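A.B. asks: With full-length UniProt numbering applied, the sequence shown covers 1 to 351.
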Amino acid sequence: MTESNQHNPPLLHDYTHLLNQLPPVRDRGVNVKRQRAFDGRGETEVMEECELPLVDLCGLWSEDVEERDSCASEICKASAEWGFFQIVNHGISLELLRKMRMKQVKLFKASFETKAASGLLDNSYRWGNKTATCPNQLSWCEAFHVPLTKISDDSCYGEFNSLREVMQEYAGEMQELAKSIAKVLVTNMGVKRGLWEDECNASTCFLRLNRYPPCPISPEVFGLVPHTDSDFLTILHQDEHVGGLQLMKDSKWVAVKPNPDALVVNIGDLFQAWSNDVYKSVEHKVTVNKEAERHSIAYFLCPSYESFIGCCEEESSIYKNFTFGEYRSQIQRDVKDYGHKVGLPRFLVSN
Ligand SMILES: O=C(O)CCC(=O)C(=O)O
Ligand SMILES: [Fe+2]
């Protein structure tokens, strides 16, 4: 097996030592068994593709109070029961989504050396997983992880200057949309003013442009390892055609069917803590294909590092009060020490 495409990162080459730990193909069981062993969780199985709850945001922008309330309650119900939902009529034009995707595809078509070159998109290019110590910690992907504060910075773009305007417009619109959804979730908990109103300025929010190259050893590695997002909420512009996103629902992995008209929203750890576990930050992962590449763009709504996340039910909070900065540092320590994020359980009052 070779990595002939000069635009792909050298995943096979650089992770040979890890991939050699995989048992020979003849020793592995049938698919489901293999997936179970691979995930390291006896109870998980892959289910059929499913339709996530679909929320038409038309109601949210309506003059009619009842329509607004009904849309808000759909958002909150999905956030509590699934932690994930899809939105249509979200106000972001299909033209902008298409333009952003075209630019993203073009960017990833650049050679690996160009992408990794110093300076491009604030040196935000990442691939694989440096801290992986075994094959199931390896993510078969490449990504630009771009802070919103850098998006208008000319020096980030080099030869990709035409990306700047689109990125700016895209990030601005995502920011507004994310805040509108956050406001619904905050109001539903009986709180008039959430910390996100002051704290979720652009200072720590970011966009992640993901590409999952075709993977000759699929399904032996993940595109993105199972994780929860460490933010308030995420808005995901999935690949229009190629599926791969799976989420945990009732102890089963559920595959999300691509819907080219919809964006996917998921609750992150901070909203779960703030809502005292009412909204769920659900584990999700991405699988990869042997032949097809896949693209996605995620927008992460985050507070400033000094913000206390707190809890809307202060007296009965099951989590300690922590700042976003503390949360991030703990994750970084855990990844270094154990190879993976521990996340919210670290901050339970009972610990
Ligand atoms: O690519 C996807 O569909 C999911 C991406 C994701 O979960 C992330 O970037 O955190
Ligand atoms: Fe994620």
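Glycine included, C-beta positions come from ideal geometry on N, C-alpha and C.
All values reported here derive from a predicted model rather than from experimental measurement.
Return the bridge partner residues of V146 from the DSSP annotation.
C.D. replies: In the sequence shown, residue 146 corresponds to position 146, counting from 1. DSSP, once it has assigned bridges, lists L207 as partnering V146.
A.B. asks: Taking C-alpha atoms, which residue in D69, F84 and I267 lies nearest to K257?
C.D. replies: By 1-based counting over the sequence shown, the position of residue 257 is 257. The option with the nearest alpha carbon to K257 is F84.
A.B. asks: Should H17 go down as buried or exposed, given a rule of 16 or more other Cβ atoms within 10 Å for buried?
C.D. replies: By 1-based counting over the sequence shown, the position of residue 17 is 17. Exposed: under 16 other Cβ atoms inside 10 Å.
A.B. asks: So what's M167 in DSSP terms, helix, strand or just coil?
C.D. replies: Counting from one through the sequence shown, the residue named residue 167 turns up at place 167. Three-state result, M167: helix.
A.B. asks: What does the alpha-carbon distance come out to for the pair R34 and S155?
C.D. replies: Mapped onto the sequence shown, residue 34 falls at position 34. Mapped onto the sequence shown, residue 155 falls at position 155. Bear in mind that a pLDDT of 41 at R34, under 50, signals an unreliable position, so the model cannot answer this.
A.B. asks: Just to confirm my understanding: we take L54, look at its own chain, exclude 5 residues before and 5 after, and list those with CB closer than 6 Å. What are they?
C.D. replies: Your numbering for residue 54 matches position 54 in the sequence shown. Around L54: Q86.
A.B. asks: Indicate, with yes or no, if ligand 1 has a heavy atom lying under 7 Å from the CB of H17.
C.D. replies: Position 17 of the sequence shown, counted from the start, is the residue given in the question as residue 17. For ligand 1, not one heavy atom lies less than 7 Å from the Cβ of H17.
A.B. asks: Please determine, among L97, D269, W274 and G310, the residue with the shortest C-alpha to C-alpha distance to L344.
C.D. replies: In the sequence shown, counting from the first residue as 1, residue 344 sits at position 344. Minimum Cα distance to L344 is reached at D269.
A.B. asks: Would you say the beta carbon of R328 is closer than 7 Å to some non-hydrogen atom of ligand 1?
C.D. replies: Residue numbering aside, residue 328 sits at position 328 when the sequence shown is read from its first letter. No, the Cβ of R328 stays beyond 7 Å of every heavy atom of ligand 1.
A.B. asks: With a CB to CB cut of under 8 Å and the five nearest residues on each side skipped, what residues in its chain are close to G40?
C.D. replies: The sequence position of residue 40 within the sequence shown is 40, counting from 1. Caution is warranted here: a pLDDT of 45 is assigned to G40, below 50, making its placement in the model unreliable, and no coordinate value can be reported.
A.B. asks: For Q238, count neighbouring Cβ atoms within 10 angstroms of its own Cβ and tell me buried if that reaches 16, exposed if not.
C.D. replies: Your numbering for residue 238 matches position 238 in the sequence shown. Buried: at least 16 other Cβ atoms inside 10 Å.
A.B. asks: From S73 to G59, what distance separates their C-alpha atoms?
C.D. replies: Taking the sequence shown and counting its residues from 1, one reaches residue 73 at position 73. Taking the sequence shown and counting its residues from 1, one reaches residue 59 at position 59. When rounded, the distance between both Cα atoms is 11 Å.
A.B. asks: Among P303, L148, S79 and Y125, which residue has its Cα nearest to the Cα of R211?
C.D. replies: Sequence index remark: in the sequence shown, residue 211 carries index 211 (1-based). Cα-wise, what sits closest to R211 is Y125.
A.B. asks: So which of T234, N123 and W61 has the shortest CA-CA distance to V145?
C.D. replies: Locating residue 145 in the sequence shown gives position 145, where the first residue counts as 1. Residue identity differs from the one stated: residue 145 is His in this sequence, not Val. Measuring from the Cα of H145, the nearest candidate turns out to be N123.
A.B. asks: Alpha carbon to alpha carbon, how far is M248 from H295?
C.D. replies: Within the sequence shown, the letter at position 248 stands for residue 248. Within the sequence shown, the letter at position 295 stands for residue 295. For M248 and H295, the distance between alpha carbons rounds to 21 Å.
A.B. asks: Between Q175 and chain C, is the shortest Cβ-Cβ distance under 8 Å, so that the two count as touching?
C.D. replies: Considering every chain present, this structure includes no chain C. It has just one protein chain.
A.B. asks: If the criterion is Cβ atoms closer than 8 Å, does the pair M189 and C50 meet it?
C.D. replies: For this step, residue 189 is matched to residue 189 along the sequence shown. For this step, residue 50 is matched to residue 50 along the sequence shown. Not closer than 8 Å, so no.
A.B. asks: My assumption, with CB atoms under 8 Å, is that G223 sits in contact with W140. Please give the rounded CB distance.
C.D. replies: Locating residue 223 in the sequence shown gives position 223, counting from the first residue. Locating residue 140 in the sequence shown gives position 140, counting from the first residue. Rounded, the Cβ-Cβ distance is 5 Å, consistent with contact.
A.B. asks: Checking 8 Å against the spacing of the C-beta atoms, do P219 and E293 come in under that value?
C.D. replies: On the sequence shown, residue 219 is found 219 positions in, with the first residue counted as 1. On the sequence shown, residue 293 is found 293 positions in, with the first residue counted as 1. Result no, Cβ atoms of P219 and E293 do not sit closer than 8 Å.
A.B. asks: Hey, H7 and F108: beta-carbon distance below 8 Å or not?
C.D. replies: As a first step, residue 7 is located in the sequence shown; it is residue number 7 there, counting from the start. As a first step, residue 108 is located in the sequence shown; it is residue number 108 there, counting from the start. Yes, the Cβ-Cβ distance between H7 and F108 is below 8 Å.
A.B. asks: Pull up the DSSP beta-bridge partners for A298, would you.
C.D. replies: Taking the sequence shown and counting its residues from 1, the one referred to as residue 298 is at position 298. DSSP, once it has assigned bridges, lists R208 and L236 as partnering A298.
A.B. asks: With DSSP run on the structure shown, which of helix, strand or coil describes I284?
C.D. replies: Residue numbering aside, residue 284 sits at position 284 when the sequence shown is read from its first letter. Sequence check: residue 284 is His here, not Ile. Three-state DSSP puts H284 in a strand.
A.B. asks: Please tell me whether, using a cut-off of 7 Å, the distance from the CB of T287 to the nearest non-hydrogen atom of ligand 2 is below it.
C.D. replies: Numbered from its first residue, the sequence shown carries residue 287 at position 287. Not so, every heavy atom of ligand 2 lies at least 7 Å from the Cβ.
A.B. asks: What residue from S281, W253 and L236 has the CA that sits closest to N259's CA?
C.D. replies: Walking along the sequence shown from the start, residue 259 turns up at place 259. Nearest of S281, W253 and L236 to N259, Cα basis: L236.
A.B. asks: Less than 7 Å between the CB of H13 and some heavy atom of ligand 2, yes or no?
C.D. replies: Counted from its first residue, the sequence shown places residue 13 at position 13. H13 Cβ: outside cutoff for every heavy atom of ligand 2.
A.B. asks: Helix, strand or coil: which one does DSSP assign to F322?
C.D. replies: Sequence index remark: in the sequence shown, residue 322 carries index 322 (1-based). Residue state, collapsed to three classes: coil.
A.B. asks: Measure the alpha-carbon distance for L22 versus P216 and round it to whole angstroms.
C.D. replies: For the purposes of this step, residue 22 is taken as residue 22 along the sequence shown, with counting starting at 1. For the purposes of this step, residue 216 is taken as residue 216 along the sequence shown, with counting starting at 1. L22 and P216: Cα-Cα distance of roughly 14 Å.
A.B. asks: Starting from the Cα of N351, find the closest Cα among H340, I331, K341 and I318 and give me that residue.
C.D. replies: To locate residue 351, count along the sequence shown from 1; it is residue 351. Cα-wise, what sits closest to N351 is I318.
A.B. asks: Count the other CB atoms, across all protein chains shown, that sit within 10 Å of the CB of H90; report buried if there are 16 or more and exposed otherwise.
C.D. replies: Working through the sequence shown from its first residue, we reach residue 90 at position 90. H90 should be labelled buried.
A.B. asks: Going by alpha carbons, who is nearest to S307 out of I297, Y327, V288 and C76?
C.D. replies: One-based indexing of the sequence shown puts residue 307 at position 307. Minimum Cα distance to S307 is reached at Y327.
A.B. asks: Considering only the alpha carbon of each residue, which of F300, Q330, N20 and A255 lies closest to F271?
C.D. replies: Translated into positions along the sequence shown, residue 271 becomes position 271. It is F300 whose Cα lies nearest to the Cα of F271.
A.B. asks: Using 7 Å as the cut-off, classify the Cβ of H237 as near or not near the heavy atoms of ligand 1, replying yes or no.
C.D. replies: The sequence position of residue 237 within the sequence shown is 237, counting from 1. Not under cutoff, so the answer is no.
A.B. asks: From which residue to which residue does the alpha helix (DSSP H) around V105 run?
C.D. replies: In the sequence shown, counting from the first residue as 1, residue 105 sits at position 105. Looking at the DSSP string, the run of the alpha helix (DSSP H) that includes V105 is L94 to K109.
A.B. asks: Count the other CB atoms, across all protein chains shown, that sit within 10 Å of the CB of G339; report buried if there are 16 or more and exposed otherwise.
C.D. replies: Looking up residue 339 in the sequence shown gives position 339. G339 comes out exposed.
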